[in-house]
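Beneath this line is the structure, given in structure tokens, with notes to follow.
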Amino acid sequence: MAIDTATAQQQVLDAADRLFYERGVQAVGMDAIRAASGVSLKRLYQLFPSKDKLIEAYLAGRNRQWEQMLQEHLDAATEPRERILAVFDFLSAWFTQRDFRGCAFINSFGELGAISPRVAELAKQHKAGFRQALTDLAQTAGAADPDQLADHLILLSEGAITTSAISGSPKPAERAREAAVLLMRVSLPT
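Heads up: the sequence shown runs through residues -4 to 185, numbered per the numbering used here.
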């Protein structure tokens, strides 16, 4: 019995997400995706005419997942300062996930950014969206210069993501949170 298009597409995306994130986008071929998804190679190419299209869909899915996880942490905090710190609580929770391998966008950009303008653009869009979220949080908290505070917070966040991925420890989120508290003391009204 043939599976419907939506189910086949989801099976392929689930397999691609798992394999690309675990092994890297260049190390995983379409045959590995076929085997992991249970979708025939012919059907796979009907759904995603090229590996580039599958990588784009993978990154789009990662972006939605990341935004949803971040928003859940932000929604749990009500006070503006606590909402900023919720970003680092989110990072800490993310870093302790069993399959944490760093940022899919940084990883993909590192592998393909120089040769794939589309991957580079998707990474830039993802990071710009994160920066905008931080700017909005800083503005709501009353920062005199929300852009400057957002720049500092994103550097703390991105540094924590990379350091945690390399070290295998969630501690960088805690240290970044501590630094964010210090930044907020000098950047936000008392």
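Idealized CB from N, CA, C, for every residue including glycine.
Using a Cβ-Cβ distance cut-off of 8 Å, the segment 35 to 53 and the segment 2 to 18 are in contact, since at least three pairs of beta carbons, one from each stretch, lie closer than that value. In the structure shown, PHE43 falls within a coil segment according to DSSP collapsed to helix, strand and coil. Considered as a whole, the segment 7 to 52 harbours 25 to 32, 36 to 42 as its complete alpha helix (DSSP H) runs of no fewer than 4 residues, in chain order.
Separation of the CB atoms of ALA175 and PRO167 is rounded to 12 Å, and the pair is thereby denied contact status at 8 Å.
In the pairwise beta carbon analysis, the segment 107 to 118 is classified as not touching the segment 128 to 137: fewer than three pairs are separated by under 8 Å. Put simply, the backbone Cα of ARG76 is about 24 Å away from that of THR158. For GLU169, the enclosing alpha helix (DSSP H) covers residues 166 to 182.
Around SER87, the same chain offers PRO165, ALA168 as residues with beta carbons nearer than 6 Å, after the five sequence neighbours per side are excluded.
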